[in-house]
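When you line the sequence shown up against my numbering, it's residues 2 to 277, in that order. Yeah, the Cβ is synthetic: ideal placement off N, Cα and C, and Gly gets one too. Worksheet: one structure, shown below.
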Amino acid sequence: MSLKDEPRWRRRTLLPTPPCNVVIRDTHASRLADHYHNTLKDDLMYLNYHHESKPRPEPRQIRLTYDPENPYTKNRKNLPVGGSRLGKKPLPPDAPENVIRLERIQLHCMVKEAIANRSNLLPAIMAFRALSGETQGGGGRHTREGVQVVRGKSTEGGWIRPGLPCGVKVDMKGEKMWTFLSTLVDFVLPRMKEFSGVLLPAPSASPNTPSAVSGVVSFGLPPAAMALFPQIEVNVDAYTRMHGFHIHFITNAQGVGAQARARALLSGFQIPFARR
């Protein structure tokens with residue numbers, strides 16, 4: 002190929018053409034995103050607002066485990082005495098800037114058969130790619146990780162070892178997140194006859210547990226629910242096996258009462274909840 006035919010070079014100056022990274026933007030407005038910004042955001046601000054008559058006091062300084070001035074303990078992990086106080090951390094002051102919002106949705110599937118043969122992960126990987134539409138670096142965005150293989154971190158009962166592939170997961174943000182949520186609410190949950198709603202904790206449950214202060218709502222769906230998604234139902238014969246999976250709705254709320262606010266947000270998207 003001659004120099005003139007080479008597309009990487011400019012014909013007039015014979016200088017190399019600078020690379021142009023193409024980034025695909027949203028092609029249309031999301032219905033659920035507009036519903037959140039136009040309706041839910043104001044309602045959640047009114048519902049969760051707590052008026053504070055005076056400024057909050059400074060947090061109490063708790064003695065650290067080791068003396069920070071001691072050179073022999075300089076690089077040690079220096080936690081406060083009495084353990085972590087994450088369960089007692091209050092929510093930030095209510096303001097329009099920190100209204101609870103949905104940041105990402107994570108799908109996770111454990112494939113036990115992959116411990117013996119890692120090729121058993123392929124049906125789950127194919128299904129998650131169809132459900133999420135995520136690929137590594139998709140749309141020219143370097144932050145998109147696509148479907149990831151989950152590997153064991155420790156030895157559990159002698160049947161799983163560190164570094165052993167045992168599952169898959171995928172994170173969805175932006176338009177892909179709203180599309181999945183719309184599909185879940187409109188097509189999947191109404192067709193599940195035995196699904197009464199996401200189970201709420203017992204009234205006697207402690208509000209200071211790590212899950213209650215994390216602002217994450219999680220629930221699982223059986224293998225039969227995967228075939229109800231339109232992306233899978235249109236070509237269900239291409240998948241050798243349906244897998245059950247967990248859905249994690251991750252919000253920006255952290256502190257005492259964060260999970261309750263996350264449930265209020267999801268109920269605005271018509272996700273049902275039920276008592277035990």
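Quick one: grab the DSSP three-state call for residue 116. The three-state reading of DSSP puts residue 116 in helix, counting H, G and I together.
Distance, residue 18 Cα to residue 195 Cα: 59 Å
How would you label residue 133, buried or exposed, when you count the other beta carbons within 10 angstroms and need 16 or more for buried? The residue in question, residue 133, is buried, as its Cβ has 16 or more Cβ neighbours within 10 Å.
Specify whether the region 230-237 and the region 143-159 touch according to this definition: at least 3 beta carbon pairs, one from each stretch, less than 8 Å apart. no
Confirm the yes/no value for this check: CB of residue 167, any heavy atom of the ligand NAD, distance under 8 Å. Looking for the ligand NAD in the displayed structure turns up nothing, as the structure carries no ligands at all.
Strictly by DSSP, which residues pair up with residue 249? 107 and 219
Selection from 181, 109, 276 and 103 that minimises the alpha carbon distance to residue 168: 109
Helix, strand or coil for residue 170? Go by DSSP, reduced to three states. Three-state DSSP puts residue 170 in a strand.
With respect to the alpha helix (DSSP H) encompassing residue 232, which residues constitute its N-terminal and C-terminal limits? 231-234
Express the C-alpha separation of residue 244 and residue 113 in angstroms, rounding to a whole number. 11 Å
What is the rounded straight-line gap between the Cα of residue 60 and the Cα of residue 92? Their Cα atoms are separated by approximately 13 Å.
Going by C-alpha distance, which of 128, 173, 115 and 176 is nearest residue 151? 115
Count the CB pairs spanning the region 120-133 and the region 239-254 that are closer than 8 Å, and state whether there are at least three. yes
Inter-residue spacing [alpha-carbon to alpha-carbon] between residue 136 and residue 106: 15 Å
Please list, in chain order, all residues of the same chain as residue 241 whose beta carbon is under 7 Å from its beta carbon, the five residues on each side excluded. 124
If you draw a straight line from the C-alpha of residue 202 to the C-alpha of residue 277, how long is it? 7 Å
In the DSSP assignment, what residue or residues form a beta bridge with residue 161? 157
Identify whether residue 274 lies in helix, strand or coil by the three-state DSSP scheme. strand
Pairs of beta-carbons, one from the region 203-222 and one from the region 49-64, closer than 8 Å: are there three or more? no
Ordered list of alpha helix (DSSP H) runs contained in the region 184-211, each at least 4 residues: Taking only runs of at least 4 residues, no alpha helix (DSSP H) segment lies wholly in the region 184-211.
Could you pull out every residue in the same chain whose Cβ sits closer than 8 Å to the Cβ of residue 5, ignoring the five residues on either side in sequence? For residue 5, the predicted model reports a pLDDT of 46, less than 50, meaning its position is unreliable and no value from the coordinates is stated.
With 16 other CB atoms within 10 Å as the buried threshold, where does residue 260 fall? buried
Using the Cα positions of residue 64 and residue 81, report the straight-line distance between them to the nearest angstrom. 6 Å
Can you check DSSP and say which residues form a bridge with residue 151? 168
Could you spell out the range, first to last residue, of the alpha helix (DSSP H) harbouring residue 49? 42-49 is the extent of the alpha helix (DSSP H) around residue 49.
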